[in-house]
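Undergrad: Residue numbers (my numbering): 1011 to 1132. Glycine included, each C-beta is placed from N, C-alpha and C at the ideal position. Nothing here was measured: the structure is a model prediction, and the numbers come from that model.
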Amino acid sequence: MAPVKLWLGYPYPLGATWLGNGVNFAIFSEAATSVDLCLFDQVESTQESIRIPMTEHTDQVWHIFLPDVRPGQLYGYRVYGPYDPERGLRFNSSKLLIDPYAKAIAGQISWADEMFGYVVGA
């Protein structure tokens, strides 16, 4: 994937939104310390083609606008923050996260223990 242009973007609407001249990405996290937007070239890709730090955040919403991106772009997030299960915080940046505001999900999910950052049931 070629280098992409980056603009600050808008905190709303949440999710990936086509604005006519590019896509705005916005995701809420109360406790994240940083967020990376990961773009993929193909559904079968096992590694992102580009990882973009989302440096702009407004009222706990991380956001960025990519003018060269079009609808249908495959993406996910890597979110950094504290790992403190007793407080309900399980940040693990090695895990690619699905956008909770996504309008569609491409590919299939094969649930397995390694999908989790902890021992299930413990």
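How would you call I1074, buried or exposed, if buried means at least 16 neighbouring beta carbons within 10 angstroms?
TA: I1074 is buried by the Cβ-count criterion.
Undergrad: Using DSSP with H/G/I as helix, E/B as strand and the rest coil, what is D1109?
TA: Here D1109 sits in coil by DSSP.
Undergrad: Express the C-alpha separation of S1103 and A1041 in angstroms, rounding to a whole number.
TA: When rounded, the distance between both Cα atoms is 13 Å.
Undergrad: Based on the DSSP output, what are the partners of L1084 in its beta bridges?
TA: According to DSSP, which records beta bridges pairwise, L1084 is partnered with F1050.
Undergrad: Would you kindly work out how many angstroms separate the C-alpha atoms of F1126 and G1032, rounded to a whole number?
TA: Distance between the alpha carbons of F1126 and G1032: 33 Å.
Undergrad: What's the C-alpha gap between T1068 and V1045?
TA: Looking at the two C-alpha atoms, the distance is approximately 13 Å.
Undergrad: For a test of the three-state rule: what should DSSP assign to E1066, helix, strand or coil?
TA: DSSP places E1066 in strand when its eight states are reduced to three.
Undergrad: For W1121, list the residues DSSP reports as bridge partners.
TA: Its beta-bridge partners do not exist; DSSP assigns none.
Undergrad: Hey, out of E1124, P1081, R1088 and P1092, whose CA is closest to E1058's CA?
TA: When only C-alpha atoms are compared, the closest one is R1088.
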